[in-house]
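Peer 1: Sharing a structure below in structure tokens format, with a few things to ask.
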Amino acid sequence: MDGSGLPETRSTCPYCGVGCGVLLRPDGQGGLDMRGDPDHPANFGRLCSKGSALGETVGLDQRLLTPRVDGRQSDWDSALGLVASRFSQTIAEHGPDSVAFYVSGQLLTEDYYVANKLMKGFIGSANIDTNSRLCMASSVAGHKRAFGTDTVPGTYEDIDAADLVVLVGSNLAWCHPVLHQRVLAARKARGTKIVVIDPRRTASCDSADMHLALEPGSDVALFNRLLVKLYEGGALDKGFLAHTNGFDDTLHAAFSDDPSVTGLERVRIDKFCELWMRTEKVVTIYSQGVNQSSSGSDKVNAILNCHLATGRIGKSGCGPLSVTGQPNAMGGREVGGLANMLACHLDIENADHRAAVRDFWDAPRIPDAPGLKAVDMFRAVGDGRIKALWIIHTNPAVSMPEADAVRDSIAACPFTVVSDITEQTDTARLADVLLPATAWAEKDGTVTNSDRTISRQRAVLPPPGAARPDWEILAEVGRRMGYSAAFDYSSPAEIFREYAALSSLGSHFGRDFDISAFAALSDRDYATLAPVRWPVTASRRGGRFFADRRFFHSDGKAKLLPVRWRPPAAKTEPRYPFRLNTGRLRDQWHTMTRTGLSPRLAAHLPEPFAEIHPGDASRLGIARADLVRLTSPTGTAILRARLTDTVNPGQVFAPMHWTGETAPSARIDALVAAATDPVSGQPESKASVVAVSRFDAA
Ligand code: SF4
Numbered sequence: 001m002d003g004s005g006l007p008e009t010r011s012t013c014p015y016c017g018v019g020c021g022v023l024l025r026p027d028g029q030g031g032l033d034m035r036g037d038p039d040h041p042a043n044f045g046r047l048c049s050k051g052s053a054l055g056e057t058v059g060l061d062q063r064l065l066t067p068r069v070d071g072r073q074s075d076w077d078s079a080l081g082l083v084a085s086r087f088s089q090t091i092a093e094h095g096p097d098s099v100a101f102y103v104s105g106q107l108l109t110e111d112y113y114v115a116n117k118l119m120k121g122f123i124g125s126a127n128i129d130t131n132s133r134l135c136m137a138s139s140v141a142g143h144k145r146a147f148g149t150d151t152v153p154g155t156y157e158d159i160d161a162a163d164l165v166v167l168v169g170s171n172l173a174w175c176h177p178v179l180h181q182r183v184l185a186a187r188k189a190r191g192t193k194i195v196v197i198d199p200r201r202t203a204s205c206d207s208a209d210m211h212l213a214l215e216p217g218s219d220v221a222l223f224n225r226l227l228v229k230l231y232e233g234g235a236l237d238k239g240f241l242a243h244t245n246g247f248d249d250t251l252h253a254a255f256s257d258d259p260s261v262t263g264l265e266r267v268r269i270d271k272f273c274e275l276w277m278r279t280e281k282v283v284t285i286y287s288q289g290v291n292q293s294s295s296g297s298d299k300v301n302a303i304l305n306c307h308l309a310t311g312r313i314g315k316s317g318c319g320p321l322s323v324t325g326q327p328n329a330m331g332g333r334e335v336g337g338l339a340n341m342l343a344c345h346l347d348i349e350n351a352d353h354r355a356a357v358r359d360f361w362d363a364p365r366i367p368d369a370p371g372l373k374a375v376d377m378f379r380a381v382g383d384g385r386i387k388a389l390w391i392i393h394t395n396p397a398v399s400m401p402e403a404d405a406v407r408d409s410i411a412a413c414p415f416t417v418v419s420d421i422t423e424q425t426d427t428a429r430l431a432d433v434l435l436p437a438t439a440w441a442e443k444d445g446t447v448t449n450s451d452r453t454i455s456r457q458r459a460v461l462p463p464p465g466a467a468r469p470d471w472e473i474l475a476e477v478g479r480r481m482g483y484s485a486a487f488d489y490s491s492p493a494e495i496f497r498e499y500a501a502l503s504s505l506g507s508h509f510g511r512d513f514d515i516s517a518f519a520a521l522s523d524r525d526y527a528t529l530a531p532v533r534w535p536v537t538a539s540r541r542g543g544r545f546f547a548d549r550r551f552f553h554s555d556g557k558a559k560l561l562p563v564r565w566r567p568p569a570a571k572t573e574p575r576y577p578f579r580l581n582t583g584r585l586r587d588q589w590h591t592m593t594r595t596g597l598s599p600r601l602a603a604h605l606p607e608p609f610a611e612i613h614p615g616d617a618s619r620l621g622i623a624r625a626d627l628v629r630l631t632s633p634t635g636t637a638i639l640r641a642r643l644t645d646t647v648n649p650g651q652v653f654a655p656m657h658w659t660g661e662t663a664p665s666a667r668i669d670a671l672v673a674a675a676t677d678p679v680s681g682q683p684e685s686k687a688s689v690v691a692v693s694r695f696d697a698a
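Structure below.
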């Protein structure tokens, strides 16, 4: 209770991977009163501008309230019957790989679990991928290569205890603001130094001791140089290195890389290396600037190499920490909701893992190879290999690279289903069947944040109209496809218990993920579940990985990976001489379907824009506030020019939030090439090439 005497409900902010706890109370007028949860270990009561405006975004404006079929109002029985029969018919005629699910890090873990079970265990295809592919797939790949599993070694408490925080490709101040507040609190309390490594001078640089504005995509060369300096400076931890493989080859690769490709003065690189070397407690936080790259996995491993070589991992105040963009990107990884994974960090290519999961589910089949990752999935939609597609809580017609082509592919798909809270998205407008799903304040389930903490999200408002929870919609389709027993769920608690029981396979096969102690959780205990960091087993609750220097490769050792710098896939050329960097704004979220409902948030930066260096602008005859045209090989956008030296000459930054609904000329992902990292499949959203001209120029 707060001062009003009315009960508050504990839940979790649905925007970013920080996973802040919130206390909610209906205001009696369709909105919510809210405050940060002082007891939640992610935020201890703090909230950012987006989180604190959540209560303004829960109205029924623009909500989808009934199923729609071919643009006409329908009912659940007809709509779900059609979905089940069209998917069954397509599978019967063309095989299981002719259908696909494209889901979202907005889904709760229980929703994700049911979607993954239906596709992998019962339809028998691995064609389920997620918009988290655009967010952190390179981190997953890097973790697996270094540690043997997708283990996030760092925690938020490590930030509080660090003496140096290095932000790589992360505008933490705008994209994960509550974590940034923790960094600033550490600086105040213990003098923590902050280094920002980013081609752009972002808001995070305002409080930094050093900003290294490296050339886009050159992070591997920078961290290879750091490894060389650590070696030359005698800063390696030989005792720790005995628990790793691959150091000699890794060092050799590091020596052969040329740090000048970073575009940074040698003296500044050396200053950074010296600071790193002489500071014992170093946390490296990295995000989309690392992951969204055609060499994203190598960038991650270049960072991990430095932490492993110096033993700055697995102990307080140390470690690499990948922060996810979405509230439940981590939960999606844990349930295996990506095309190349099985649940509980088990491997789809491993026959024993597949057999164990299939037996647990009593499933008729399970695919023996990875499915189509996001970019390839939409290519398969475009060339007709995918004939039935179900898109859940995401807007790929705007957010995928080469968004115009993706939009055209979805439009041409023989059967497209979209589950969402609104029909006002570019993707929903293309659906044959639209299914009204519940929104975050109406949903019950769990999410996992970027430091492995599982938190409950709790319904505080009733579902409006005919809206239903995603797990219920998916289970109903599973039953109608003939899998009644496997999808006979009555509550998210029941799904969570099944998932927890399945997770004992994680430990059984020597993986990190296991929450099997929750397999017998009562409904009452699920209802009151407090935030908890996994693993949760009979013998362990939370804690730190790698303090014992044991990793998850078969020999128990970590791997340092020899990596070499590669330039971004797209090359600048006379026709496309600028590098385009895309990213988020402080007060907007994804394609603005929720944050766009808050006038307070919209007031921050109300219209789409392109940041251009004043020197480039002058050369091109562009004045402040002119409209400019950005043209890439795949699309065009018209944006307001903002002249600023926060971007270097030859570079342009544009936010990615605006859509065909809000600003048709500003769909920035239409300009982004669908080049991907060869290991992770993550697209390179920060180094496309474009031409820039004044809009009215000939
Ligand atoms: Fe929500 Fe992220 Fe802000 Fe926390 S930091 S309040 S999770 S948007």
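Numbered by the UniProt record's numbering, the letters in the sequence shown go through residues 1 to 698 in order. Think of the CB as a built atom: it goes at the ideal place given N, C-alpha and C, for glycine as much as any other residue.
#1: With residue 211 as the anchor, note down where its beta strand (DSSP E) starts and where it stops.
#2: I want to check one thing, is the minimum distance from the CB of residue 176 to the heavy atoms of the ligand SF4 below 7 Å?
#3: In the structure shown, what three-state DSSP assignment does residue 97 receive?
#4: From the DSSP output, in three-state form, read off residue 8 for me.
#5: By DSSP's criteria, residue 286 is part of a beta bridge. Which residues make up the other side?
#6: How big is the Cα-Cα spacing for residue 11 and residue 242?
#7: For the ligand SF4, is there any heavy atom lying closer than 7 Å to the beta carbon of residue 325?
#8: Does the Cβ-Cβ distance between residue 54 and residue 30 come in under 8 Å?
#9: Compare the beta carbon distance of residue 127 and residue 99 with 8 Å and say whether it is the shorter of the two.
#10: Need the endpoints of the beta strand (DSSP E) that residue 271 sits in, please.
#11: Could you tell me the alpha carbon to alpha carbon distance between residue 424 and residue 589, rounded to whole angstroms?
#12: CB of residue 47 to nearest heavy atom of the ligand SF4: below 7 Å?
#13: Taking the continuous alpha helix (DSSP H) assigned at residue 308, which residues delimit it?
#14: Using 8 Å as the threshold, is the C-beta distance between residue 279 and residue 163 below it?
#15: In three-state terms, what does DSSP make of residue 530?
#16: With a floor of 4 residues, list each alpha helix (DSSP H) that falls wholly inside the region 81 to 128, ordered by position along the chain.
#17: Give me the Cα-Cα distance between residue 696 and residue 670, rounded to the nearest whole angstrom.
#18: Just tell me which of 682, 460 and 436 has its CA closest to the CA of residue 444.
#19: From 302, 264 and 344, pick the residue whose C-alpha is nearest to that of residue 149; which is it?
#20: DSSP on residue 483, reduced to helix/strand/coil?
#21: Please state whether the Cβ-Cβ distance between residue 220 and residue 270 is less than 8 Å.
#22: Within 10 angstroms of the Cβ of residue 274, are there 16 or more other Cβ atoms? Answer buried if so, exposed if not.
#23: Check residue 292 in the structure and name its three-state DSSP category.
#24: Go ahead and label residue 17 buried or exposed: buried means 16 or more other beta carbons lie within 10 angstroms of its beta carbon, across all protein chains shown.
#25: Where do the N-terminal and C-terminal ends of the beta strand (DSSP E) with residue 316 fall, by residue?
#26: Assuming contact is defined by CB atoms lying nearer than 8 Å, are residue 545 and residue 177 in contact in what I supplied?
#27: What I want to know is whether the C-beta of residue 337 ends up closer than 7 Å to one or more non-hydrogen atoms of the ligand SF4.
#28: Here's the rule: buried if 16 or more other CB atoms are within 10 angstroms of the residue's CB, otherwise exposed. What is residue 699?
#29: According to DSSP, what are the bridge partners of residue 611?
#30: Using DSSP with H/G/I as helix, E/B as strand and the rest coil, what is residue 39?
#31: What are the boundary residues of the beta strand (DSSP E) that residue 147 is part of?
#32: Verify the contact flag: residue 43, CB atom, against every heavy atom of the ligand SF4, threshold strictly below 7 Å.
#33: Let me confirm a value: residue 411 is counted as buried when at least 16 other C-beta atoms fall within 10 Å, else exposed. Which label applies?
#34: Spatial neighbours of residue 572 within its chain, please: C-beta separation below 6 Å, excluding the five flanking residues on both sides.
#35: So what's residue 516 in DSSP terms, helix, strand or just coil?
#36: Measure the beta-carbon distance from residue 291 to residue 19 and round it to whole angstroms, keeping in mind my assumption that it falls under 8 Å.
Peer 2: Reading from the atomic positions:
#1: 210 to 212
#2: yes
#3: helix
#4: coil
#5: 168 and 322
#6: 44 Å
#7: no
#8: no
#9: yes
#10: Premise fails: residue 271 lies in the alpha helix (DSSP H), 266 to 278, not in any beta strand (DSSP E).
#11: 15 Å
#12: yes
#13: 296 to 309
#14: yes
#15: coil
#16: 109 to 116
#17: 21 Å
#18: 460
#19: 344
#20: coil
#21: no
#22: exposed
#23: coil
#24: buried
#25: From DSSP, residue 316 is part of no beta strand (DSSP E); its letter is neither H nor E.
#26: no
#27: no
#28: The shown model of the chain, from 1 to 698, leaves out residue 699, and the question about it has no answer.
#29: 642 and 653
#30: coil
#31: Per DSSP, residue 147 belongs to no beta strand (DSSP E); it is in the alpha helix (DSSP H), 137 to 147.
#32: yes
#33: exposed
#34: 689
#35: helix
#36: Not confirmed; about 18 Å, so no contact.
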